[in-house]
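Novice: Numbering (the numbering used here), first residue to last: 1 to 812. All C-beta atoms, glycine included, are put in the ideal place defined by N, C-alpha and C. Just so we're clear, the structure is a prediction, and the values are computed from it rather than from any experiment.
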Amino acid sequence: MRSLVQDLRYAWRTLSKSPGFTVVAVLTLGLGIGANSTILSWINSTLLNPLPGASDARGLVSLGRGGTSINETAFSYPDFKDLRDRNKSFSGITAFSLKPVSLTGVGKPERIWAAEVSANYFQVLSVQPILGRSFIPEEDQKLGGAPVTVISYRLWQSHFAGRDSVIGQKININHHPYEVVGVAPPLFQGAQTGLRSELWIPLVMDHQIVPGADLFPLREVNWLLLVGRLQPGIGTQPAQEEMSLLLRRIAQQYPDSHHSSNVVTLYPMWRSPLGANGYLYVLLPMLLALAGVVLLLACANVANLLLVRSVARRREIAIRLSLGAGRWRLVRQLLVESLMLALAGGVAAMLLTTWTAGTFARFIPASNLPVSLVVGTDRAVFLAIMLLSVATSVIFGILPALRSSRITPLAVLKEGVGSASGGPEKVRLSSGLAVAQISLSLLLLICAGLFLRSFGNAQRFDPGFKPDNVLLATFELFPAGYSDADGAQFERLLVSKLEAVPGVRSASLATWLPLGFTWSSSNIQPEGYVPQHDESMEIGSAVVGPNYLRTMEIPLISGREFTPQDKEASQPVVVVNQAAAERYWPHQSAIGKRLSTGGGWNYVVGVARNSNYENLNEAPQPFIYLPLYQNYVSSAVIHVRTSGDPLSVASAVEKTVHELDGDLPLFDVATLKSRVDAASTLEKMAGTLTGAFGIIALLLAAVGIYGVIAYTTRQRTREIGIRVALGAQQRNVLRLVLSQGLRLTVTGVVLGLLFSFALTRFLRALLFGVTATDALTFIGVAVLLCVVALAACYIPARRAMKVDPVIALRHE
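(1) Should S55 be labelled buried (16 or more other beta-carbon atoms within 10 Å of its own) or exposed?
(2) Going by alpha carbons, who is nearest to L27 out of V124, L699 and R799?
(3) Tell me the DSSP secondary structure of W42 in three-state form.
(4) Please list, in chain order, all residues of the same chain as A792 whose beta carbon is under 6 angstroms from its beta carbon, the five residues on each side excluded.
(5) Could you check the C-alpha separation between E491 and P147 for me, to the nearest Å?
(6) Need the endpoints of the alpha helix (DSSP H) that T236 sits in, please.
(7) Within 10 angstroms of its Cβ, does Y10 collect 16 or more other Cβ (buried), or is it exposed?
(8) In this structure, how does DSSP classify N469 when only helix, strand and coil are distinguished?
(9) Going residue by residue through the region 145-228, where are the continuous alpha helix (DSSP H) segments of at least 4 residues, counting only ones entirely within it?
(10) For the region 505-532, list the beta strand (DSSP E) runs that are entirely contained and at least 3 residues long, ordered along the chain.
(11) Distance check for T597 and L556, CA to CA, integer angstroms please.
(12) Go to D85, then tell me how far its alpha helix (DSSP H) extends in each direction, as first and last residue.
(13) Need the endpoints of the beta strand (DSSP E) that Y482 sits in, please.
(14) Which residues bound the alpha helix (DSSP H) around K655?
(15) Under the DSSP definition of a beta bridge, which residues are partnered with K99?
(16) Is I554 helix, strand or coil by DSSP?
(17) Here's a check: name, in chain order, each residue in its chain whose Cβ is nearer than 8 angstroms to the Cβ of T353, leaving out the five neighbours to either side.
(18) Is it true that the region 437-449 meets the region 742-758, where meeting means three or more beta-carbon pairs spaced less than 8 angstroms apart?
(19) Does the pairing of the region 289-302 with the region 57-67 give three or more beta-carbon distances under 8 angstroms?
(20) Can you give me the Cβ contacts of E683 inside the same chain, cut-off strictly under 7 angstroms, excluding the 5 residues immediately before and after it?
(21) What is the DSSP secondary structure of N612, reduced to helix, strand or coil?
(22) Among D85, N277 and F755, which has the Cα closest to the Cα of G194?
(23) Would you tell me roughly how many angstroms separate the C-alpha atoms of R13 and V708, rounded to the nearest one?
(24) May I ask which residues mark the beginning and end of the beta strand (DSSP E) holding E538?
(25) Report buried or exposed for D214, applying the criterion of at least 16 other Cβ atoms within 10 angstroms of its Cβ.
(26) Do you know offhand how far G464's Cα is from F478's?
(27) Evaluate contact between the region 482-499 and the region 175-183, counting only Cβ atoms and requiring at least three cross-stretch pairs below 8 angstroms.
(28) List the whole-angstrom C-beta distance separating S508 from G540, where the pair is believed to meet the contact cut-off of C-beta under 8 angstroms.
(29) Take S506 and list the residues in its own chain whose beta-carbon comes closer than 6 angstroms to its own, dropping the five residues that flank it on each side.
(30) Who are the near neighbours of I209 in its chain, counting only those whose CB is closer than 8 angstroms to its CB and skipping five residues on each side?
(31) Do you know offhand how far A579's Cα is from N610's?
(32) Per DSSP, which one or two residues make a beta bridge with P268?
(33) Three or more C-beta pairs under 8 angstroms: does that hold for the region 560-569 against the region 580-588?
(34) Assuming S89 and P238 make a contact with CB atoms under 8 angstroms, what is their CB distance in whole Å?
(35) Using the Cα positions of I795 and V746, report the straight-line distance between them to the nearest angstrom.
(36) What distance in whole Å lies between the Cβ atoms of F216 and L274, which are believed to be in contact at a cut-off of 8 angstroms?
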């Protein structure tokens with residue numbers, strides 16, 4: 001223990017005598033460790049903690065109907081009941097659906113998000129209310145028979161001042177009284193990572209939350225998301241096989257309601273498609289791998305600095321060896337110095353991470369959904385930083401320590417002070433580290449280039465409609481007490497008045513936003529089309545008002561769009577997109593064909609150009625538009641295309657709405673462009689972070705190559721002096737030094753290109769509009785790195801050009 005304390009004191013004195021080296025090394029390590037700890041903090045708050053507030057998330061899985069797209073994750077209520085009651089793999093399966101509601105009776109009316117849930121919801125998720133109780137089985141039996149609610153901790157604090165008397169109190173949800181029976185834990189937001197519910201209501205109260213048909217007996221309507229808890233000892237694969245077998249049996253019993261592949265896919269919650277983790281589970285581990293490359297670069301850089309520094313310490317080490325110090329004693333001393341540098345870098349990384357962890361929120365897009373991702377640092381992250389620091393000290397410190405301690409004391413002490421050199425072995429090791437830095441930097445820069453090009457392509461991509469100059473605003477009539485007839489009249493008057501607002505070119509209503517993280521679908525039956533075996537007839541759909549296609553600037557291929565004359569009493573009509581027309585009526589005109597959505601026949605009056613509906617990378621898929629005036633909905637999104645800045649007419653649009661109903665609130669006022677930009681969030685996050693990593697890599701590579709060339713040039717001072725004395729010109733010296741740097745650079749670039757060709761293929765799923773081996777990116781980055789490396793070599797080359805041969809020859 002005493003010797004360790006001595007090592008620590010000596011390391012402190014040694015490092016304090018070289019403040020320049022110490023600061024550079026600590027900052028380099030701080031950046032490398034900080035890059036990793038930042039991504040770790042994000043992973044810790046999302047993938048490793050998918051359900052904050054749940055006491056035991058192990059064994060929880062989400063269930064999907066064979067895919068990860070939005071319309072492939074929901075189940076019907078009868079299918080949920082059958083799967084829940086007939087399986088042997090789960091201790092419980094719960095169903096839920098996230099819905100906006102109007103909260104009244106506790107101050108100013110406001111729109112919040114509620115989750116309709118089965119009564120076993122909190123038990124399955126292992127969430128215990130901190131006050132009151134959760135739901136009981138009896139509150140899952142009778143439709144409309146359970147007007148109770150569990151509220152969030154946040155709502156409890158903001159609306160009820162955290163009073164215990166909230167239990168038993170009545171609140172109005174959509175103007176219906178509900179009794180508060182429990183308060184959820186502080187961190188709990190719901191079963192969808194990144195989406196926040198403010199209260200939870202039994203499923204049986206659905207008719208008070210969403211108007212329309214009774215969905216409970218309908219097997220063809222998929223509207224519930226499922227999460228289950230596996231029985232102890234049951235693995236995901238056997239449970240998945242059992243559930244798929246059950247669903248196929250249900251499909252055989254009810255074939256008219258099951259036209260898809262009828263398989264069940266289970267997802268662990270850390271990569272569940274029901275929330276944000278469905279997007280993050282690929283991106284964040286990839287970013288962590290790239291941050292690891294940054295850390296390796298930092299280690300190589302500091303190792304090179306230590307090798308160069310060891311040249312000046314050769315006599316010191318030789319004297320200590322001569323006085324009886326053992327080699328491994330010296331290695332330990334040098335590793336203690338490395339550990340102190342790494343721990344100091346870890347402290348710098350902690351300070352950096354406390355700021356960068358919160359930057360995650362800047363990437364969260366504006367949305368009409370209740371997105372809430374709270375990311376921060378905790379003890380687990382700080383412990384990871386400390387472990388990273390210790391591991392880092394070994395990575396960058398062991399080779400320099402072994403090399404520095406392997407010397408012959410007598411030979412070193414006979415050398416002159418000025419001639420003490422590291423020998424060819426240290427030069428080769430230092431050069432090898434520089435080559436590794438260049439190759440790893442090239443890999444990072446290529447990844448950054450690919451993601452930046454991908455983000456640029458996403459920004460310029462044509463989604464099939466024009467998102468510029470469109471204002472959006474949402475209203476809900478059902479919570480405000482409107483009947484269907486009054487609501488339909490309100491929507492007709494609103495559209496006509498919006499068209500007259502100055503600066504408005506076109507206005508319409510719709511129930512859905514493209515690329516908006518939500519999905520609406522219908523089961524269809526096209527006239528004359530025979531579905532293939534296991535072919536799903538559930539396709540995307542939207543209820544839209546007159547002039548919707550004109551407002552969105554979606555071109556018509558043939559026919560017409562909806563007009564105010566397409567009313568309830570007129571012939572039912574529908575507009576299909578190109579993909580639907582080509583799939584169901586190939587080599588025919590779709591105009592005049594009939595299509596059923598579960599009721600009567602709708603006549604196709606128009607064929608619209610394909611658009612992107614779910615995401616930017618999707619293949620063309622069938623989609624239909626239904627007329628709002630024939631299919632009343634109480635919640636709609638106003639679409640207003642303007643001649644200028646859409647936000648400039650926001651107050652006029654709100655005034656128009658309030659002229660019809662002064663108490664009707666508008667929600668989620670935003671531009672369509674901002675909502676569409678959210679579809680490229682992953683590309684933006686990846687491009688920003690890899691771009692930052694790439695800049696760090698470029699700087700570290702430049703410093704590394706500079707250090708090697710400066711070190712070797714210094715060792716060749718006598719040789720250069722002799723060359724100059726024999727008549728060598730400055731350009732010859734310049735060529736001599738630059739050629740050495742060029743050889744290292746070319747070697748590193750070639751190795752980096754090979755690594756990149758092998759590794760970038762793993763990025764394919766995250767790239768948009770650019771291949772993983774894009775030649776332009778590879779060539780451009782290679783040229784950039786060569787230019788930067790040669791620029792770094794030019795500084796020691798200029799110094800070598802000014803060598804005085806007389807001084808150089810006296811140097812020895």
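Specialist: According to the structure shown:
(1) Looking up residue 55 in the sequence shown gives position 55. The residue is exposed, with fewer than 16 neighbouring Cβ atoms inside 10 Å.
(2) On the sequence shown, position 27 is the one that residue 27 refers to. For L27, the nearest C-alpha among the options comes from L699.
(3) Walking along the sequence shown from the start, residue 42 turns up at place 42. Correct three-state label for W42: helix.
(4) Counting from one through the sequence shown, the residue named residue 792 turns up at place 792. Answer for A792: A702, I705 and Y706, listed in chain order.
(5) Residue numbering aside, residue 491 sits at position 491 when the sequence shown is read from its first letter. Residue numbering aside, residue 147 sits at position 147 when the sequence shown is read from its first letter. Each residue's alpha carbon lies about 30 angstroms from the other.
(6) The count along the sequence shown starts at 1 and reaches residue 236 at position 236. Here the alpha helix (DSSP H) through T236 covers T236 to Q253.
(7) Indexing the sequence shown from 1 puts residue 10 at position 10. With fewer than 16 Cβ atoms within 10 Å of its Cβ, Y10 is classed as exposed.
(8) Within the sequence shown, residue 469 is the residue found at index 469, counting from 1. In the structure shown, N469 sits in coil (DSSP, three-state: anything other than H, G, I, E or B).
(9) 153-160 and 206-209
(10) 521-523
(11) On the sequence shown, residue 556 is found 556 positions in, with the first residue counted as 1. On the sequence shown, residue 597 is found 597 positions in, with the first residue counted as 1. So the two alpha carbons sit approximately 22 angstroms from each other.
(12) Locating residue 85 in the sequence shown gives position 85, counting from the first residue. Counting along the chain, the alpha helix (DSSP H) containing D85 begins and ends at Y77 to R86.
(13) In the sequence shown, counting from the first residue as 1, residue 482 sits at position 482. Run containing Y482: none; DSSP gives neither H nor E here.
(14) The residue labelled residue 655 in the question sits at position 655 within the sequence shown. Unbroken alpha helix (DSSP H) run through K655: A650 to L660.
(15) Locating residue 99 in the sequence shown gives position 99, where the first residue counts as 1. BP columns for K99 point to A114.
(16) Here residue 554 refers to the residue found at position 554 when the sequence shown is read from its first residue. Correct three-state label for I554: coil.
(17) As a working mapping, residue 353 is identified with position 353 in the sequence shown. Here the set comprises G34, S37, T38, S41, T377, V381 and I385.
(18) yes
(19) no
(20) As a position in the sequence shown, residue 683 is number 683, starting the count at 1. So the qualifying residues of the chain are F451, S454, F455, A458 and F768.
(21) Within the sequence shown, the letter at position 612 stands for residue 612. N612 falls in the coil class under three-state DSSP.
(22) Stepping through the sequence shown from its first residue, residue 194 is reached at position 194. Comparing Cα positions, the closest option is N277.
(23) The count along the sequence shown starts at 1 and reaches residue 13 at position 13. The count along the sequence shown starts at 1 and reaches residue 708 at position 708. Looking at the two C-alpha atoms, the distance is approximately 26 angstroms.
(24) On the sequence shown, position 538 is the one that residue 538 refers to. That run of the beta strand (DSSP E) goes E538 to V544.
(25) Indexing the sequence shown from 1 puts residue 214 at position 214. It is exposed - the Cβ of D214 has fewer than 16 other Cβ atoms within 10 Å.
(26) The sequence position of residue 464 within the sequence shown is 464, counting from 1. The sequence position of residue 478 within the sequence shown is 478, counting from 1. If I take the Cα positions, the gap works out to 32 angstroms.
(27) no
(28) Walking along the sequence shown from the start, residue 508 turns up at place 508. Walking along the sequence shown from the start, residue 540 turns up at place 540. S508 to G540, Cβ: 18 angstroms. No contact.
(29) By 1-based counting over the sequence shown, the position of residue 506 is 506. N547, R550, T551 and R641, listed in sequence order.
(30) Along the sequence shown, read from residue 1 onward, the residue named residue 209 stands at position 209. Here the set comprises K99, V101, A114, E116, I173, N174 and I201.
(31) By 1-based counting over the sequence shown, the position of residue 579 is 579. By 1-based counting over the sequence shown, the position of residue 610 is 610. Looking at the two C-alpha atoms, the distance is approximately 7 angstroms.
(32) Position 268 of the sequence shown, counting from 1, holds the residue named residue 268. According to DSSP, which records beta bridges pairwise, P268 is partnered with V61.
(33) no
(34) Translated into positions along the sequence shown, residue 89 becomes position 89. Translated into positions along the sequence shown, residue 238 becomes position 238. Contact flag correct, Cβ pair sits at about 7 angstroms.
(35) For the purposes of this step, residue 795 is taken as the residue at position 795 of the sequence shown. For the purposes of this step, residue 746 is taken as the residue at position 746 of the sequence shown. Roughly 19 angstroms separates the two Cα atoms.
(36) Reading the sequence shown from its first residue, position 274 is the one you call residue 274. Reading the sequence shown from its first residue, position 216 is the one you call residue 216. With 8 angstroms as the limit, L274 and F216 do not qualify as a contact, their Cβ atoms being about 21 angstroms apart.
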